[in-house]
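J.: One structure coming up, written as C-alpha cells, with questions to follow.
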Amino acid sequence: MTRATQRDLVAEYFDGFRASDHERILATLTDDVEWVIHGHRTTRGRTEFDGEIENPAFTGSPQLDVERVHEDGPVVVVTGEGRGVSVEHGPFRFAFNDLFTFRDGLIARVDSYVVPLGSAGS
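According to full-length UniProt numbering, the sequence shown holds residues 1 to 122 in order.
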C-alpha cells in the first residue's frame, strides 16, 4: 500500500467534514493536534478537535468548495468558500484559508482563517 501524500490527507480531511465523519477526520491528525480558528477558538488534542467537528452552534454538514491548494515542505495551504447553517442565524456563506502543518505524515496543526460573506442567499 502506498503512503498517502499530504495533499491526499488534506482532501480526506475535507471529505470527512463534508460528511461530518469524525473517524475519517481524526485519522488524518496527530494525537496532539492543535486547531487555531483565528479570532475564535483554539483546540488542543484529538478530543477537543472532535468536539469542534460538529459544533452545536451549527446544524448539518458544511459545503466546502476548495479553490486552491499550495504545498511547500510540511505545509499545505487551502483556500475556498463554504456554506453552512447557524442554529441562531440560519444559512450563511464564508471564505476560508486553512494552513495545515504536518509532522510524521499526519496533520499536527491547522490554522483556520474564516471570513463571513453573508447569508447563503446573498
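A virtual CB, placed ideally from N, CA and C, is assigned to each residue, including glycine.
Secondary structure at E67, three-state DSSP: helix, strand or coil?
T.: Three-state DSSP puts E67 in a strand.
J.: Taking DSSP's pairing of strands, which residues face R43 in a bridge?
T.: For the sequence presented, residue 43 should be read as Thr rather than Arg. Paired residues: W35.
J.: If you drop the 5 nearest sequence neighbours on each side, which residues of the same chain put their C-beta closer than 7 Å to that of M1?
T.: Its pLDDT being 44, under 50, M1 is placed unreliably by the model, and nothing is read from it.
J.: For M1, does the three-state DSSP call read helix, strand or coil?
T.: Confidence is the limiting factor: at M1 the pLDDT is only 44, short of 50, which leaves the residue's position unreliable and the question unanswerable from this model.
J.: Quickly, what does DSSP pair L106 with across the bridge? List them, please.
T.: R103.
J.: For D15, does the three-state DSSP call read helix, strand or coil?
T.: Three-state result, D15: helix.
J.: Determine, using beta-carbon pairs with one atom in the segment 28-42 and one in the segment 58-75, whether at least three such pairs fall under 8 Å.
T.: Because the criterion of three Cβ pairs below 8 Å is not met, the segment 28-42 and the segment 58-75 do not touch.
J.: With distances taken between CB atoms, is the gap from T28 to I107 smaller than 8 Å?
T.: Taking 8 Å as the Cβ cut-off, T28 and I107 qualify as a contacting pair.
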